[in-house]
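Protein chains: 8
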Amino acid sequence: MNETETKKLLQQVARGELAPDDALLSLKMQPFDDIDIAKLDTHRGLRQGVGEIIYGAGKTPQQIDRIGHALWEDGQRTILVTRMSREAEEYFNKDIPFTYYPEARAAVIGAMMPADTEAQILVVTGGTSDIPVAEEAAVTAETLGNPVKRIYDVGVAGIHRLLSHTEEIMTANVIIAIAGMEGALASVVGGLADCPVIAVPTSVGYGTAFGGVTALLSMLNSCASGVSVVNIDNGFGAGYLASMINHMGGKQ
Amino acid sequence: MNETETKKLLQQVARGELAPDDALLSLKMQPFDDIDIAKLDTHRGLRQGVGEIIYGAGKTPQQIDRIGHALWEDGQRTILVTRMSREAEEYFNKDIPFTYYPEARAAVIGAMMPADTEAQILVVTGGTSDIPVAEEAAVTAETLGNPVKRIYDVGVAGIHRLLSHTEEIMTANVIIAIAGMEGALASVVGGLADCPVIAVPTSVGYGTAFGGVTALLSMLNSCASGVSVVNIDNGFGAGYLASMINHMGGKQ
Amino acid sequence: MNETETKKLLQQVARGELAPDDALLSLKMQPFDDIDIAKLDTHRGLRQGVGEIIYGAGKTPQQIDRIGHALWEDGQRTILVTRMSREAEEYFNKDIPFTYYPEARAAVIGAMMPADTEAQILVVTGGTSDIPVAEEAAVTAETLGNPVKRIYDVGVAGIHRLLSHTEEIMTANVIIAIAGMEGALASVVGGLADCPVIAVPTSVGYGTAFGGVTALLSMLNSCASGVSVVNIDNGFGAGYLASMINHMGGKQ
Amino acid sequence: MNETETKKLLQQVARGELAPDDALLSLKMQPFDDIDIAKLDTHRGLRQGVGEIIYGAGKTPQQIDRIGHALWEDGQRTILVTRMSREAEEYFNKDIPFTYYPEARAAVIGAMMPADTEAQILVVTGGTSDIPVAEEAAVTAETLGNPVKRIYDVGVAGIHRLLSHTEEIMTANVIIAIAGMEGALASVVGGLADCPVIAVPTSVGYGTAFGGVTALLSMLNSCASGVSVVNIDNGFGAGYLASMINHMGGKQ
Amino acid sequence: MNETETKKLLQQVARGELAPDDALLSLKMQPFDDIDIAKLDTHRGLRQGVGEIIYGAGKTPQQIDRIGHALWEDGQRTILVTRMSREAEEYFNKDIPFTYYPEARAAVIGAMMPADTEAQILVVTGGTSDIPVAEEAAVTAETLGNPVKRIYDVGVAGIHRLLSHTEEIMTANVIIAIAGMEGALASVVGGLADCPVIAVPTSVGYGTAFGGVTALLSMLNSCASGVSVVNIDNGFGAGYLASMINHMGGKQ
Amino acid sequence: MNETETKKLLQQVARGELAPDDALLSLKMQPFDDIDIAKLDTHRGLRQGVGEIIYGAGKTPQQIDRIGHALWEDGQRTILVTRMSREAEEYFNKDIPFTYYPEARAAVIGAMMPADTEAQILVVTGGTSDIPVAEEAAVTAETLGNPVKRIYDVGVAGIHRLLSHTEEIMTANVIIAIAGMEGALASVVGGLADCPVIAVPTSVGYGTAFGGVTALLSMLNSCASGVSVVNIDNGFGAGYLASMINHMGGKQ
Amino acid sequence: MNETETKKLLQQVARGELAPDDALLSLKMQPFDDIDIAKLDTHRGLRQGVGEIIYGAGKTPQQIDRIGHALWEDGQRTILVTRMSREAEEYFNKDIPFTYYPEARAAVIGAMMPADTEAQILVVTGGTSDIPVAEEAAVTAETLGNPVKRIYDVGVAGIHRLLSHTEEIMTANVIIAIAGMEGALASVVGGLADCPVIAVPTSVGYGTAFGGVTALLSMLNSCASGVSVVNIDNGFGAGYLASMINHMGGKQ
Amino acid sequence: MNETETKKLLQQVARGELAPDDALLSLKMQPFDDIDIAKLDTHRGLRQGVGEIIYGAGKTPQQIDRIGHALWEDGQRTILVTRMSREAEEYFNKDIPFTYYPEARAAVIGAMMPADTEAQILVVTGGTSDIPVAEEAAVTAETLGNPVKRIYDVGVAGIHRLLSHTEEIMTANVIIAIAGMEGALASVVGGLADCPVIAVPTSVGYGTAFGGVTALLSMLNSCASGVSVVNIDNGFGAGYLASMINHMGGKQ
């Protein structure tokens, strides 16, 4: 459904020819435009309450530039680009608002959504090498309108570092726990917290860390309740889900 | 030892009623009772806002009976027992309120918490063989005070079955998607929903289903956003986390 | 040596023109020419009804050039080269008809076979990153004389995209379903279609995608009937098999 | 859609209120009945041109009996039951036509479809231990109306056994190649044949046979073209797909 | 070397025909007797400073009885039997001193060595299901003359339980940390302790616990220093090594 | 059909006694008899210089009895049955010469071939639990006419035990090294020996022994030259190959 | 915050100089300084009796330089830097004492601790390719004040090389056994020694060496007692643990 | 044992002070020199009847040059260097006889041993990409004095190619079967041959070829007798073992 069709549909509603409920369903079910690179899902913002997201991995700088501008022209004002290389950043035509977050390897076209809740998302990492994944999660959550608090390098081997943040962990609304190596952070945080914990294994480590598989398995077997897991290094997925949960209050 | 007790302790020190050295020893939190089978964490209700849970796997009928009664005597009025065999159920001394849910292989000592929210948790399965895991999730969520809606046997190979429930999926508050074999249900549900989806791989299948590993991997790689995963067959974990998310509204 | 030649040989024995011992030696089928790089199977066209194929991976530009020309001189007029790098393409001496398909990383020496059937092969992909594999499959099928229809970037996470092609899926003769990550596309397509579905896992994804293994396992466990699987990224194999099936009608 | 609804729909078509094409689409998209055990897909026969199939694994004798009779009452006259144990067979109420095939661990309620093609499906096994899987494939194909030829115990270690059947392999319409251990049968058969080969790895073997994984990997890496693979021990899937391909001629 | 030969050797030393150093070397290099079941290494007590050990797994009750009595007759007075089933325990002829430890599935023929050090070995477990492995470790260490302190069921998900034992952990001489599931206990204990930590993964857990592999990988990747790992469920190995380390003081 | 028969056939063609077409059909080697259980390869004795072998695993006592008697009637006088259970042994009709070797789980119908060489095969094991596999290897080699020397329970952890047999290892003609757990025996034996070493991993061990996989990997990575490996627990394969090598002298 | 400081704090409360609420906040142990790169644990020296360690992998030359100087300014006089590249070494500002050990890829800022024990640590390797890992272990142990003896390239395939060092192995206090490929060194050394053996698998090898996994599995399954294992290539971890054990005597 | 010691030992024999047998044992047990790079095993020629071998992988050009010259000076006249890069070849000081075999990535310092047997080793490969491994095997065998016959690119998918060499396979003394992908070559060759077959899996293939693991597993599960396996790409090991077997005749 393109812009013309969407307008027509809304006019039908305006004229009383279409019930709003039916229009909503139509908009949800057939919301995509067709440009040659990929079928853009330009109503995702409507359907899932968030802006559009471009997954930059495997896309050329040219493709990212083109899709980004197409979405902007479609009217999107908050477009997150993840896994965006320095090369893509340099290539991008900055004739539209654009901010790059190097540690997160992400960019925002337009502007972050304004924070519409006071509930904080806590992002915790085991080590300093986990920070790029953490920043991807944090920038994603911030882009989607969430206040984010970062606590980095508090791995369980020096448990006192982590425990000095017990207060923040116990009062958090949602926690993203990010760790490589043995991934024990998720279990300890999950035991202290009484909110959902999204565990993100990272590919940090060597030998039997197996590129994040050990941390993943460890997190899946967490003896703490309230912990769920996303793919290795999937900071975006964690940030997106955390935002979804953090906005749950508005439903009631 | 809760915050009040800790403050009391520090005030005793301030009043000179307690030597600093003795306070140092006491300041190590010890909020648990000690019975011989396992150190019961009888303040969990306070700390995490839920009743007590007994993980029945690997425990003898005698142990479950003993821990269950100890918790009841401690004042717990909602005690969930998971992975409880028929043998354990038969052995259990029913001199206290006790209900057994055979499909879920679970029991509730005392009573389920009354539903304190109208927001529903949706439990969806790919096949009929996934039902025991689904019931474990559903009974867990109900015990913790959530309305639960079940939609079973709507695997993606007959996508029209699943799509006939599009309305329920699009309006759900939290979804638990349970599937074995190739686990594709999580991706399709995740694509339709705009709420958190907790994916539970099950050990249903044969050959390269590898006891649930294929479904797990599939779910971790879901191309839909908002999906996170728990351990294979971990219905309890999914139900617990879903309840946590479903109660988020109360925080704001 | 084909059946005619063999019969001729036995008739020579019958006529006393050939000693039984010499015939014994000749009776070992040797239908191949010997050039120094590889024993070319120049009768494959006869035996399997298709042209000759050069698997370019692991061959130097020089080797591909040499084998390609040798086959052309042998009389082959449809020679498909797969996994052909840009370097090999540039090196190739274009004194014989030669067309390069960059997205498919493939070339045709001579010309594609004319389409000898109206039955279409449908090539479907989950994402845009799967396109190189899809093009290898499509170009293979077209080279072997099949009409091919492409539907790209219709992953199950936005199921409406895929469902908007329900008609084409339901009326296809053979479908090649190509996807990385969780590979759920095969199951959904398999459930909608009533024709053979050849599933091709791709190495698209990261972390627990394990270079295509997760998609492979998912496809092998498809709960839909009529689905079979080829090796990761094996677009050629899928295109070849699809062509074989698409030409089955001629046998009856 | 239940019987009443289906009748209503057909009456609309009869009265000219609904175009036949639209009715067909409706029937394809919403074809299931609801009984308490599982949502029966009672129009599969219409949609995919075959009878109904009950996957017996994980179902109790009572469930199989009930579903079988429900399908019969719904008008199905060819119902295949796979993975049906001796216990289920004994329990089944034989007040309706019922035939059990012990080697295939399968049964047919009603009758096999009459063979509607002369094209044969060839079922080949490497050893005698692969026969149960082979029989599941053969009985499935026969039930769906295909002539089937069986060649068992012709593993490649005694290559002359297999080669003595070169004629049958070279003239087959579709081949199902079934082997455990190293699974080399698929490659050799695939090299000899010029028709689609469906390879079925079996769990036959010990040690590094890894329950069929080695045969599976071997088959996926077959250097022969035209070979695709289904799950370990999935005789049904192979027979179903073979039947689909074997009936392709009717489309042109 | 049997008793007669050993005596002869010692007489040579006594007569000054053999230097003590040479005799010691001879004794170390050729210390075994031959009985028909297995070549008993009857000087292990001499060589490694400990009694003899019988690994009971895979041995019949008859074999254990026979080896046990043979060692006793050879003069051994502290013989540990590990992995000894109830059946073997019942069969054993108790005409020689014998004590069975059911939780540890172990027995001592003769008597435990008297504790010859005050330094304690601390045995810590994550859950109650880890206790059999812990008891195997503890009984092994006690048999070899070490004081042992047990702290069970202090998994990291309820970190306060573990922290209430900080004092004992910080002052321990050697720690054996035993856990299944995600095995995070080793990292937290390793971070708190300043003594060697021997980590023992157990096969406790389900699904992706993979029979102890997840705990093993987690422990190998511990971010704490001073942690090393033994095989899954290898309580004996941990107890033996802990005893070795706990007796190190005597060397200086 | 052997070479003589083939020549005879061609001579018949030369004499006009046989039509070329008929000869063409016959020329496909068919050196096997057909009984209903399995196609017996009754010329294997001629082709590979050994008697016939029945692989008993997966065959019923009835099948073994039937095949054994069929081979005997065919004239075979040395028939080895491997993986033969006690049940099969008891069922076997002993109206023909039959000897059962319980530790090897093997039997010989007829008689072992007389030793036709003085060169010995050395069978070495790491532990006592490896003996069943070792006996299968030893009995196989003896059946095929080889003198065999056994050295059991000489694992590398007590290296002096193994070194006390250095002389035998250094002078052996072929060695079969059998070990489970870490499989280090193959490397040490391979380093001492200057003859071919056939390594057999066994499924002895627990936890990370992974049913023989660890021993297998260890043996494949042996830093000693002259070592090759067979499947886990494949005593028969090792004995057969050792016999082949041990008879090599006769060729020169 | 150390024990003295904590006691001081409680005494301040006792004297009324500090409000209980403020004490409550401070009582969360915070013994670390905060610089922007990582939270330095500057009391580790006190708590674990060793200097500070910088894990160089994943840190930029700038970060290492900065952390190194910060620790020196904090008063640390023995700072070990592991996994330090040539680039980092060249960048490091040598205005403070600095020694680089190229084979170990490690450096010491300040000076090694003087050897405070005569007990030696023995470092043994299977091959020359294992030397970098061995040197990391040796330099770590030397930095922490231990005499170290190196015996390199004594793999078990030439067992006489290793046995020529039997005396040193039998009299060692702690042994670090380092090997890639099949890792059998640990078992043989473990069988000869009567002291703790720390086994370090290395990533040396190819094919089924799987980057050290085979050596790791082999070492975990060592049939010798007293052997424990650390992560692949973890020379630092082995050296650190060996030092800990080698200093045990001082405790008694 | 260095040259001086060896001379002294031989003088003792000459003077009758040492029995020749004892001297032989001494020479076998302590045969190594010490140069700084690696402990050279300079008597390997004596002990195992072959020249010295330098494994070039992981060694610098300088190290190979140095070890090669040291061995030459020690009197070795046939020194094989495997895994030798072009760089190492260019660096090597050719002041001593030196021949480089580029396809085999190997060199011979001095000269190949003259062929001392007429028995041939047959080297067979499945594809052209397997040739480097095959040449490493062939050059190794030739260096050790064996006639070698090569048959390359005869994979089983075109079985007639392989069968045209049936004569050579059936009359071979030892066969080295080399293949990647599905590795079926070993089974078919093993079934045709009546001599030992050494199977070498190669890392040729993609996707689920898993770098040679699939071929390895396939070969370990070969249903043919007389087949054993070496590590992936281990051409040297196969050539060395084949030579050992090919020289067996001399022992009798």
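Protein chains in written order, with this note's numbering: chain P, 1 to 252; chain B, 253 to 504; chain Z, 505 to 756; chain W, 757 to 1008; chain L, 1009 to 1260; chain D, 1261 to 1512; chain G, 1513 to 1764; chain Y, 1765 to 2016. Quick reminder that beta carbons are idealized off the backbone N, C-alpha and C, glycines included.
| message | Rounded to the nearest angstrom, what separates glycine 205/P and leucine 270/B at their Cα positions? | response | 47 Å
- Under three-state DSSP, which class holds glycine 549/Z? Residue confidence is low: glycine 549/Z scores 46 on pLDDT, short of 50, so the model does not pin down where it sits. No coordinate-derived value is stated.
| Is serine 747/Z closer than 9 Å to asparagine 650/Z when the C-beta atoms are compared? | yes
Could you list the residues in the stretch 1235 to 1254 of chain L with a C-beta less than 7 Å from some C-beta on chain G, going in chain order? Ser1236, Val1237, Val1238, Asn1239, Gly1245, Tyr1248, Leu1249, Met1252, Ile1253
- Using only alpha-carbon positions, find the residue among Gly1499/D, Thr1468/D, Cys1483/D, Val1460/D that is nearest to serine 1447/D. Cys1483/D
>> Give me the subset of the stretch 384 to 415 of chain B whose CB atoms are less than 7 Å from a CB atom of chain G, sorted by chain position.
In response: none
Task: Cut-off 6 Å between Cβ atoms - residues of its own chain near isoleucine 151/P, not counting five sequence neighbours on either side - done: Val124, His165
Neighbourhood of alanine 371/B by C-beta, 6 Å cutoff - its chain only, sequence neighbours within 5 removed:
Asn425, Asn498
**OP:** Tell me, to the nearest whole angstrom, how far the beta carbon of threonine 82/P is from that of tyrosine 55/P; I am working on the premise that it is less than 8 Å.
**Re:** 6 Å
- Would you decide whether glutamate 1190/L is buried or exposed? Buried here means 16 or more other CB atoms lie within 10 Å of its CB. buried
Ordered along the chain, which non-local residues of its own chain (more than five positions away) have a Cβ less than 6 Å from that of valine 1399/D? Tyr1361, Ala1364, Ala1366
Distance, Cα to Cα, aspartate 382/B vs leucine 415/B?
19 Å
Quick one: residues in its chain with C-beta nearer than 7 Å to the C-beta of valine 693/Z, no 5 flanking neighbours on either side, listed in chain order?
-> Val628, Ile673, Ile679, Ala681, Val701
Can you pull the chain B neighbours of glycine 814/W, defined as C-beta to C-beta under 9 Å?
Gly379, Thr380, Ser381, Val456
In chain order, what residues of the same chain lie with their CB nearer than 8 Å to the CB of tryptophan 1584/G, ignoring the 5 residues before and after it? Ile1591, Ile1608, Ile1621, Gly1622
For leucine 626/Z, return the contacting residues in chain B, with the cut-off set at a CB-CB distance below 9 Å. In chain order: nothing, as chain B lies at least about 17 Å away.
| Apart from the five residues just before and just after alanine 794/W, which ones in its own chain have a Cβ nearer than 6 Å to its Cβ? | Here the model assigns alanine 794/W a pLDDT of 46, short of 50, so the residue's position is not dependable, and the following value carries that caveat. Same-chain partners within the cutoff: there are none.
Query - As assigned by DSSP and simplified to three states, the class of arginine 570/Z - result: helix
Glutamate 1144/L and glycine 1076/L: beta carbons closer than 9 Å? no
Q) Does DSSP put tyrosine 352/B in a helix, a strand or coil? A) strand
Three-state secondary structure assigned by DSSP to serine 1226/L:
helix
- Item | Environment of glycine 268/B [buried if 16+ CB atoms lie within 10 Å] | exposed
- request: If I'm right that aspartate 1334/D touches tyrosine 1351/D with Cβ under 8 Å, what's the distance once you round it to whole angstroms?
  value: With a Cβ gap of about 21 Å, aspartate 1334/D and tyrosine 1351/D do not count as contacting.
Exercise. So, alanine 935/W versus proline 957/W, is the Cβ gap smaller than 9 Å?
Worked result: yes
Excluding the 5 residues flanking alanine 1401/D on each side, which residues of the same chain have their C-beta closer than 7 Å to its C-beta? Ile1381, Val1408, Gly1499, Ala1502, Ser1503
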